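Participant: To start, I am sharing the structure in question, which I have written as structure tokens.
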Amino acid sequence: MTRFFPAPTHSQPPQSFGTPEPEWLTWLASQSWPQVAFDIDRLVVVAAHPDDEILGAGGLVHAAAANGIEVVTICASDGHATHPGSPEQLANRRHLELDAASMLLGLDLPRWGGLHSGTLEQYPDRLDAMITDALDDRPGARNGLLAVWDHDGEADHEAVGQAAMRVAKPRGIQLWMYPIWLWYWAHPGDANVPWHRVQTIGVSPIVMAVKNAAARSFAEQKRPRNADDNPQPILGSSITSHLLRGTEYVFG
Ligand SMILES: [Zn+2]
């Protein structure tokens, strides 16, 4: 499985890795991108971790719901391993936060896959079954699938993306994929990224408010609990700067 980005270290300042957000904004605005168009009546949304879909594609999900499309969200893991200490408390909190975000966006409560984060690539069959079950819930529906990108550079994200590909392809289902870590490890025009597949959608003020709350929670999870932890807050604040744009970019 491909890993694109280096682990941060105490000696490496945040400016020394990742593309600064102003550079992304300038380049993205200089390109012309088609908009997402919906030709479905049901959208199954798959996240590896709580809030992946809010941060990566909250605008698309909200727009789908606003267009009368039934949205079903699955979160494959419960966020247990986001940082050390009191995993049950953290998982409960992550559940409550994602439930609240879903309600604010007018969505049904998410389904939980119950796997532990950091382990998803060990359970391809479970991931396939989660997605298949959700798709089969309403026979005859014109389903679409939205999953985290299968080349995102993070093991859980790629496991979920690959499961979505396996399920969607033979069924001929419209599949959108949202990147998260791409904005951290890639650079504008990066040859590792299928830019020709990009579609865009705007982010409304309500979605932006929900995204801001999710971004704060995300950055908090990356905060070290003691001096020996990896300095993950650097990573947290670096990536969230890319996920709070007024436009979302997904692969169609
Ligand atoms: Zn994630």
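With my numbering, letter number 44 in the sequence shown gets 1305, and the count goes up by one each step, no holes. Glycine included, C-beta positions come from ideal geometry on N, C-alpha and C. Only a predicted model underlies this, so the values are computations on that prediction, with no experimental measurement involved.
Which value, in whole angstroms, describes the spacing of the CA atoms of Ala1402 and Gly1507?
Facilitator: Mapped onto the sequence shown, residue 1402 falls at position 141. Mapped onto the sequence shown, residue 1507 falls at position 246. Distance between the alpha carbons of Ala1402 and Gly1507: 31 angstroms.
Participant: Under 8 angstroms from any heavy atom of ligand 1, does the C-beta of Asp1242 make it?
Facilitator: Nothing about residue 1242 can be reported from this structure: the residues present for the chain run from 1262 to 1513 only.
Participant: Would Trp1285 be called buried (16 or more neighbouring beta carbons within 10 Å of its own) or exposed?
Facilitator: Locating residue 1285 in the sequence shown gives position 24, counting from the first residue. Answer is buried; the Cβ neighbour count reaches 16.
Participant: For Gly1367, is the classification buried or exposed, using 16 other Cβ atoms within 10 angstroms of its Cβ as the cut-off for buried?
Facilitator: Here residue 1367 refers to the residue found at position 106 when the sequence shown is read from its first residue. Burial call: exposed.
Participant: Measuring only from the beta carbon, is Ile1441 closer than 8 angstroms to any heavy atom that is part of ligand 1?
Facilitator: Residue 1441 sits at position 180 when you count from the first residue of the sequence shown. Yes - ligand 1 has a heavy atom lying nearer than 8 angstroms to the Cβ of Ile1441.
Participant: Compare the beta carbon distance of Ala1324 and Ser1465 with 9 angstroms and say whether it is the shorter of the two.
Facilitator: The residue labelled residue 1324 in the question sits at position 63 within the sequence shown. The residue labelled residue 1465 in the question sits at position 204 within the sequence shown. In this structure, Ser1465 lies closer than 9 angstroms to Ala1324 by Cβ.
Participant: Note the first and the last residue of the continuous alpha helix (DSSP H) segment covering Gly1450.
Facilitator: Here residue 1450 refers to the residue found at position 189 when the sequence shown is read from its first residue. Careful: Gly1450 lies outside any alpha helix (DSSP H) and carries neither H nor E.
Participant: Give a single yes or no on whether Glu1282 has its beta carbon closer than 8 angstroms to a heavy atom of ligand 1.
Facilitator: Sequence index remark: in the sequence shown, residue 1282 carries index 21 (1-based). Incorrect: Glu1282 has no Cβ contact closer than 8 angstroms to ligand 1.
Participant: Please tell me whether, using a cut-off of 8 angstroms, the distance from the CB of Val1305 to the nearest non-hydrogen atom of ligand 1 is below it.
Facilitator: Counting from one through the sequence shown, the residue named residue 1305 turns up at place 44. For ligand 1, not one heavy atom lies less than 8 angstroms from the Cβ of Val1305.
Participant: If you follow the beta strand (DSSP E) that Ala1408 is in, where does it begin and where does it stop?
Facilitator: Here residue 1408 refers to the residue found at position 147 when the sequence shown is read from its first residue. Residues Asn1404 to Val1409.
Participant: Can you look up Glu1331 in the DSSP assignment and give me helix, strand or coil?
Facilitator: Walking along the sequence shown from the start, residue 1331 turns up at place 70. In the structure shown, Glu1331 sits in a strand (DSSP, three-state: E or B).
Participant: Nearest to Ile1246 by CA position, among Gln1292, Gly1319 and Asp1302, is which residue?
Facilitator: The question about residue 1246 has no answer, for the chain in this structure spans 1262 to 1513.
Participant: Taking only three categories from DSSP, how would you classify Asp1490?
Facilitator: One-based indexing of the sequence shown puts residue 1490 at position 229. Residue placement at Asp1490 cannot be trusted, given a pLDDT of 49 that sits under 50; what the coordinates show is reported in the next sentence. Residue state, collapsed to three classes: coil.
Participant: Would Val1307 and Ile1392 qualify as a contact pair, given that the criterion is a beta-carbon distance under 9 angstroms?
Facilitator: Within the sequence shown, the letter at position 46 stands for residue 1307. Within the sequence shown, the letter at position 131 stands for residue 1392. It is a contact, given that the beta carbons lie within the stated cut-off.
Participant: Closest to Asp1394 by C-alpha separation, out of Ala1447, Asp1360 and Ala1425, would be which residue?
Facilitator: Position 133 of the sequence shown holds residue 1394. It is Ala1425.
Participant: Tell me the residue span of the beta strand (DSSP E) that contains Ile1301.
Facilitator: Counting from 1 along the sequence shown, the entry for residue 1301 is found at position 40. Premise fails: Ile1301 is in no beta strand (DSSP E) and is neither H nor E.
Participant: CB of Ala1233 to nearest heavy atom of ligand 1: below 8 angstroms?
Facilitator: No answer is possible for residue 1233: it lies beyond the span of the chain, which begins at 1262 and ends at 1513.
Participant: Let me check you understand the geometry: is the CB of Asp1417 closer than 8 angstroms to at least one non-hydrogen atom of ligand 3?
Facilitator: In the structure shown, ligand 3 is absent; the only ligands present are ligand 1.
Participant: Under 9 angstroms between the Cβ atoms of Ile1330 and Leu1304?
Facilitator: On the sequence shown, residue 1330 is found 69 positions in, with the first residue counted as 1. On the sequence shown, residue 1304 is found 43 positions in, with the first residue counted as 1. Yes, the Cβ-Cβ distance between Ile1330 and Leu1304 is below 9 angstroms.
Participant: Quick one: is Gly1279 buried, meaning 16 or more other Cβ sit within 10 Å of its Cβ, or exposed?
Facilitator: Residue numbering aside, residue 1279 sits at position 18 when the sequence shown is read from its first letter. Buried, since its Cβ has 16 or more Cβ neighbours within 10 Å.
Participant: Just reading off the alpha helix (DSSP H) that Gly1422 is part of, what are its end residues?
Facilitator: The sequence position of residue 1422 within the sequence shown is 161, counting from 1. Start and end: Ala1416 to Arg1432.
Participant: In angstroms with no decimal places, state the Cα-to-Cα distance between Leu1289 and Ile1301.
Facilitator: Position 28 of the sequence shown, counted from the first residue, corresponds to residue 1289. Position 40 of the sequence shown, counted from the first residue, corresponds to residue 1301. Using only the alpha carbons, I get a separation of about 27 angstroms.
Participant: Tell me where the beta strand (DSSP E) around Thr1508 begins and ends.
Facilitator: Locating residue 1508 in the sequence shown gives position 247, counting from the first residue. Per DSSP, Thr1508 belongs to the beta strand (DSSP E) from Thr1508 to Phe1512.
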